[in-house]
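Numbering (our numbering), first residue to last: 15 to 451.
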């Protein structure tokens, strides 16, 4: 059977993995594309799978128009990926044959053959949601590697690879534990090595390791530092330390051994999800940490010679002015090497989503008009805080930058774009409130 997988914007690991399983194990003819304008490729397909990762993908007019066009040509259409966590929205917004739920490695081949396990769809006007019966072990066949993968750039890497799934955290804004669960399932090192060799052979120069929190690899009741270090050393020996990043870490799952391994076998950066300088807000987010622990983890990384980037969330429905000021103070104290600022996004089926749905719009920073120092820009409060924190962080990084007019405009445009996206996502979840609460 001829199957095309569309992966929006980038070749995601999940799309490559499903493509590999369908091609290598089930002998289907597979094409993987991120070019939605390639109608000829879609029209040659028996089935097209749209691999989508964001709520905004569901309301993307180009995706909607493409799906409608392909359906008019009697091509079977499925949606898969992280958005499958909320099939009720997809099935009402997009004219598709079904939604492949959750982790599709086991169910997708069977769905192609007519099974309905792990599939959500409409039947005689009634929505049927058949949840998959089990989660897969991470022992799959090799991934499908597109010919132009080496030209891809995702946060500095050609590709992110997966070493494990699941997260122990309870962060209210995060989809990972809801989608993958809280039990850590890890891929055998020999399969990771095989995959990295295949990627290098295909022209990949830079690899990043994903999985939510890198040091949770092979977690069994406690962090398995030996296995984690063995894994990144093995990958580093193939791709080279200057071409490997292991960015995403929780501050409560790093120590000197872990950080020294990151320094010795990778580009030597960690990205901590700090989120806020307010302990009250961190507690509300169920981060399981506090500002003191965050500062300690930053200092420890610096002592080990590791660069530290911090991610922050603004515009949370519980964020007060004092919480935002505490975040600015934290950035001064931390002197991070880089900072990423995001407006709070209510991903459907997360606790944050429920919190937003229970907050009046005129009390939500996403919709409140900003009346402070940036009011001339016509910003919402979450946009103003994002813009302000971006500017503020530049002055307090380990290597500060002068705020030029061009840089200021870049950050203003970024804040406005984030604000627009979050408003669209919030309006969408309110449209389907009855399904989500």
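Cβ atoms here follow ideal geometry from the backbone N, Cα and C, with glycine treated the same way. Since the model is a prediction, treat every value here as computed from it, not as a measurement.
### Task
Taking 7 Å as the cut-off, decide whether the C-beta atoms of residue 357 and residue 329 are in contact.
yes
### Task
Can you tell me which of the three DSSP states residue 45 falls into?
strand
#### Entry: Buried/exposed call for residue 451, threshold 16 Cβ in 10 Å
exposed
### Message
Tell me which residue opens and which closes the alpha helix (DSSP H) that residue 77 is part of.
### Response
75-86
### Query
Using DSSP with H/G/I as helix, E/B as strand and the rest coil, what is residue 171?
In this structure, residue 171 counts as strand in the three-state DSSP scheme.
### Query
Of the residues 367, 97, 418 and 402, which one's Cα is nearest the Cα of residue 447?
367
### Query
Which residue comes first and which comes last in the alpha helix (DSSP H) that contains residue 451?
Counting along the chain, residue 451 falls outside any alpha helix (DSSP H), and DSSP gives it neither H nor E.
### Pairwise C-alpha distance: residue 75 and residue 56
17 Å
#### Entry: Inter-residue Cα distance where the pair is residue 148 and residue 95
Distance between the alpha carbons of residue 148 and residue 95 is about 17 Å.
### 7 Å Cβ cutoff met for residue 360 and residue 353
no
### Task
Examine the Cβ distances between the region 228-236 and the region 257-269 and report whether three or more of them are shorter than 8 Å.
Short answer: they touch.
### Task
List the whole-angstrom C-beta distance separating residue 203 from residue 260, where the pair is believed to meet the contact cut-off of C-beta under 8 Å.
At roughly 14 Å, the Cβ-Cβ gap does not stay under 8 Å, so residue 203 and residue 260 are not in contact.
### Query
Should residue 101 be counted as a contact of the ligand FAD given a C-beta to heavy atom distance under 6 Å?
As far as ligands go, the structure on display features none, and thus does not contain the ligand FAD.
### Message
If you reduce the DSSP assignment to three classes, tell me which class residue 17 lands in.
### Response
Residue state for residue 17 is assigned as strand, using DSSP reduced to three classes.
### Message
Whole angstroms are fine: how far does the CA of residue 242 sit from the CA of residue 335?
### Response
Straight through space, the alpha carbons of residue 242 and residue 335 are spaced by roughly 40 Å.
### Query
In terms of residue numbering, what span does the alpha helix (DSSP H) encompassing residue 338 cover?
335-348
### Message
Can you give me the C-alpha to C-alpha distance between residue 440 and residue 20, rounded to a whole angstrom?
### Response
25 Å
### Supposed contact pair residue 113 and residue 69 - C-beta distance, whole angstroms, cut 8 Å
Not a contact, Cβ separation roughly 14 Å.
### Task
Would you mind working out which of 178, 185 and 207 sits nearest residue 199, comparing C-alpha positions?
Nearest C-alpha to residue 199: 178.
### Query
Does any residue of chain C bring its CB to less than 7 Å from the CB of residue 373?
In the structure shown, chain C does not exist; there is a single protein chain.
### Task
Apply the 10 Å Cβ neighbour rule to residue 346 and answer buried if 16 or more other Cβ atoms are within range, or exposed otherwise.
By the Cβ neighbour-count rule, residue 346 is exposed, with fewer than 16 other Cβ atoms within 10 Å of its own.
### Message
Tell me which residues share the same chain as residue 11 and place their Cβ nearer than 7 Å to its Cβ, disregarding the 5 neighbours each side in the sequence.
### Response
Residue 11 lies beyond the range of the chain shown here (15 to 451); nothing can be said about it.
### Query
Are the Cβ atoms of residue 17 and residue 36 separated by less than 7 Å?
yes
### Query
residue 208: which of 272, 384 and 153 sits nearest, CA to CA?
153
### Message
Suppose you measure from the CA of residue 412 to the CA of residue 175; what does that come to, to the nearest Å?
### Response
30 Å
### Query
Can you list the alpha helix (DSSP H) stretches of 4 or more residues lying completely in the region 289-333, in chain order?
293-298 and 305-317
### Task
For residue 25, count neighbouring Cβ atoms within 10 angstroms of its own Cβ and tell me buried if that reaches 16, exposed if not.
buried
### Task
Count the other CB atoms, across all protein chains shown, that sit within 10 Å of the CB of residue 431; report buried if there are 16 or more and exposed otherwise.
With fewer than 16 Cβ atoms within 10 Å of its Cβ, residue 431 is classed as exposed.
### Message
On the criterion of 16 or more Cβ atoms from any shown chain inside 10 Å, does residue 143 qualify as buried, or is it exposed?
### Response
exposed
### Message
Looking at the strands, I want to know which residues DSSP matches up with residue 200.
### Response
178
### Query
CA-CA distance, residue 139 and residue 85?
One C-alpha to the other measures close to 18 Å.
### Cβ shell of residue 244 (< 7 Å), same chain only, five flanking positions each side left out
Close CB contacts of residue 244 within its chain, under the 7 Å cut and outside five residues either way in sequence, are with 203 (chain order).
#### Entry: Limits of the unbroken alpha helix (DSSP H) element including residue 375
Per DSSP, residue 375 is not a residue of any alpha helix (DSSP H), being assigned neither H nor E.
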